[in-house]
Amino acid sequence: MTTVNLDWATLGFSYIQTHCHIQYTWKDGKWDEGKLVESPYIPIHIAAAALHYGQEAFEGMKAFRQKNGDVVLFRPQENAKRMYNTAERICMAPVPPEMFIDACRRVIKANADYIPPYGTGGSLYIRPLLFGSAPQIGVAPAKEYTFIVLVTPVGAYYKGGLQPVKAIVIDHYDRAAPMGTGHVKCGGNYGASLAAHVEAAKAGYPVELYLDAKTHTYIEEFSTSNFLGITKDGKYVTPDSPSVLPSVTNMTLCQVAADMGMPVERRPIDFEKEIDGFAEVAACGTAVVVTPVSSIERNGVVHKTGPETGCGPTLEKLYHAVQGIQYGELPDTHNWNLKIEV
Ligand code: COI
54 MTTVNLDWAT LGFSYIQTHC HIQYTWKDGK WDEGKLVESP YIPIHIAAAA LHYGQEAFEG
114 MKAFRQKNGD VVLFRPQENA KRMYNTAERI CMAPVPPEMF IDACRRVIKA NADYIPPYGT
174 GGSLYIRPLL FGSAPQIGVA PAKEYTFIVL VTPVGAYYKG GLQPVKAIVI DHYDRAAPMG
234 TGHVKCGGNY GASLAAHVEA AKAGYPVELY LDAKTHTYIE EFSTSNFLGI TKDGKYVTPD
294 SPSVLPSVTN MTLCQVAADM GMPVERRPID FEKEIDGFAE VAACGTAVVV TPVSSIERNG
354 VVHKTGPETG CGPTLEKLYH AVQGIQYGEL PDTHNWNLKI EV
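In terms of this note's numbering, the sequence shown opens at residue 54 and continues consecutively.
In C-alpha cells, the structure reads:
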C-alpha cells in the first residue's frame, strides 16, 4: 500500500486535489465509455442548463481502507438508486447503476494512494455529479448530460468528530415543500438552504433544523443530514416525511439499531410535543456520519437533547457499530461493503 504525503490526522471536510476524476457524456440517447481526466476544470457552455436552471444532481459516498488492507465502498447501490431517482425528478438522462458503480471503481483505483490509511479515521469521499451540459435558454430539459465522479480524502465534517454541536430551528425558512424536491438530491435544495445556514452560523449554531414546510409542526431534517432521536425509553425514532432525503446512513443506522434489539420507529415527530422526550439526538449522513446534537433552540427556548460534551451511550454504540463494519473491524453481515480492487 502506498499513499501520498498528507497529514491524515488533521484532515477535515474540504476539497483536496487528487490525480483525476472520471467524466462521461450522454448525447444522442447514449452514454459514452467515460475517461479519467487530470484537470479539475471542465469547459462548460455558457448557456448550460445546469448553470441557468439548476438541472443538477449529486451524491456522497465513502471508500474505506480496512484493517486487513482491503478497500471498500459503502453501499454504492443505494446511492446509484437515489441518483437515478433524482435524475428522473429533474428530467435528466439517468445513470444506469452498473455504470455508476463502474465509474466509482475506476476513479477510486486511479486515486488509491489518496485513501487515508487504516487507523487515521479518514476516508475517501466520493462525489458523483450529474448535470445538463448542453445550451438551453428556453426552460426545458437539456439535450446533453455530463456525469462526473470526483474523489477527495476527508476526515470529520464538524471539528472534533464525535463532539456535539448545537442546532437551531429558524422558522422563517423552509427546506422543501411537500410536493417539491426534498426527497431527491439536487443541488438546488442546498443552494436554497444557504441563507438559513449563514444566519444560524452568525448566531453561533453550526447546524439548522427544518420543520415541515406546510405546518411547521413536524421535524424534517438538518440542512445536510437526517434527524434521529433516541427516546428516554430507548427507541430509535426518525421522521417519516415525503420531503426528507432518504439517507443511506440513516437506513444503515436503523438496521444496526434493530440488529441490537432496539425498537425503530419511522413516523412524524411533533417538535413541541416530543423534543424534550429525547435522551440523545444526532444528525446523520455520509459526510457527518453520526454527529451528536446537544441542544436545539427554537424561538429563544433551548431544548437539551444530549450531553454537552462527548456523546450519549446509544449514539456511541451505533456510531462504533457502523464504523466497525466500514473499517472491517466487525462482520459485514448485510453485505454493505463493496470490495474495490486497487
Ligand atoms: C453527504 O453526506 O454526503 C452529503 O451529500 C451532504 C453534503 C451536503 C455534505
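Note that beta-carbon positions come from the ideal geometry of N, C-alpha and C, so glycine has one too.
- Here the distance from the Cβ of Val-260 to the nearest heavy atom of the ligand COI is not below 8 Å.
- Taking non-hydrogen atoms of the ligand COI into account, the C-beta of Ala-248 is found less than 8 Å away from none of them.
- Taken through DSSP and simplified to helix, strand or coil, Trp-61 comes out as helix.
- His-74: not part of any alpha helix (DSSP H); member of the beta strand (DSSP E) spanning 74-80, first to last residue.
- Put simply, the backbone Cα of Gln-376 is about 8 Å away from that of Glu-382.
- Within the stretch 298-344, the complete beta strand (DSSP E) runs of at least 3 residues fall at 317-319 and 331-338.
- Residue state for Cys-364 is assigned as coil, using DSSP reduced to three classes.
- Setting aside the 5 residues that flank it on each side, Ile-75 is surrounded in the same chain by Gly-87, Leu-89, Ala-156, Arg-159, Val-160 and Val-202, each with a C-beta closer than 6 Å to its C-beta; the list follows chain order.
- In this structure, Thr-291 places its C-beta atom within 9 Å of the C-beta atom of Val-317.
- Residue state for His-373 is assigned as helix, using DSSP reduced to three classes.
- For Pro-150, the three-state secondary structure derived from DSSP is helix.
- The alpha-carbon of Val-237 is positioned some 12 Å away from that of Ala-133.
- Counting along the chain, the unbroken beta strand (DSSP E) around Lys-88 starts and ends at 88-90.
- Scanning Val-395, Ser-278, Gln-119 and Ala-146 for the CA closest to the CA of Ser-176 turns up Gln-119.
- DSSP, reduced to helix, strand and coil, places Gly-113 outside both helices and strands of the structure shown, so it counts as coil.
- Look at Asn-388 here: in three-state DSSP terms it is coil, with no helix or strand label.
- At least one heavy atom of the ligand COI falls within 8 Å of the beta-carbon of Ser-278.
- Here the stretch 358-372 does not lie against the stretch 102-114, with fewer than 3 beta-carbon pairs under 8 Å apart.
- In this structure, Met-304 has its CB at a distance of at least 8 Å from all heavy atoms of the ligand COI.
- Per DSSP, Pro-206 is one residue of the beta strand (DSSP E) stretching across 198-207.
- The way I'd put it, the stretch 176-186 doesn't touch the stretch 218-235; fewer than three beta-carbon pairs between them come closer than 8 Å.
- The DSSP-derived three-state label of Arg-180 is strand.
- Distances from the CA of Ala-374 to each of Gly-235, Thr-362 and Trp-389 were compared; the closest alpha carbon is that of Trp-389.
- In the three-state scheme derived from DSSP, where H, G and I count as helix and E and B as strand, Gly-353 is classed as coil.
- Here Asp-265 is buried. Its C-beta has 16 or more other C-beta atoms within 10 Å.
- Ser-348 is bridged by DSSP to Lys-219 and Lys-357.
- Of Gln-70, Glu-361 and Thr-63, the smallest CA-CA separation from Ala-220 is found for Glu-361.
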